[in-house]
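Student: Quick one: this structure, given as structure tokens, is what I'll be asking you about.
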Amino acid sequence: MKKLPMIAAAFGAATLIAAPSFAQDVPEESAAEEAAPVGAPATIDTDGDGKMDAWDQRGDGKPDSWDTNGDGSPDAFDQDGDGAPDPQ
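Structure below.
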């Protein structure tokens, strides 16, 4: 008895069983959506360098807190609502 037809049949059956899993579409989510939990303030790149350096905590589309020293946490805030960091 030849082994090649049996191996080919087993491989073909395994391929048919696995085929539906290859055909499923998996939606891709952007990195921002994965990193930001629901309800988190939006981050904004205010200086155009590709790094997020401000947060929109009021939800009005304007930055109201900034990371001025690059450590990843806000250290300058806009308490008076003028759109610029308040002096410390």
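Just so we're aligned: 92 in the numbering used here is position 80 of the sequence shown, and the numbers increase by one with no gaps anywhere. Every residue gets a Cβ at the ideal spot worked out from N, C-alpha and C, and that includes glycine. Because the structure is a prediction, the values reported are computed rather than measured.
#1: Just the C-alpha distance for residue 84 and residue 92, rounded to the nearest angstrom, thanks.
#2: Can you list, in chain order, the residues of its chain whose CB lies under 6 Å from that of residue 71, leaving out five sequence neighbours each side?
#3: Given this structure, state the Cα-to-Cα distance separating residue 22 from residue 58, to the nearest angstrom.
#4: Taking a contact to mean a Cβ-Cβ separation below 7 Å, would you say residue 69 touches residue 79 in this structure?
Tutor: So, from the listed chains and residues:
#1: 23 Å
#2: none
#3: 59 Å
#4: no
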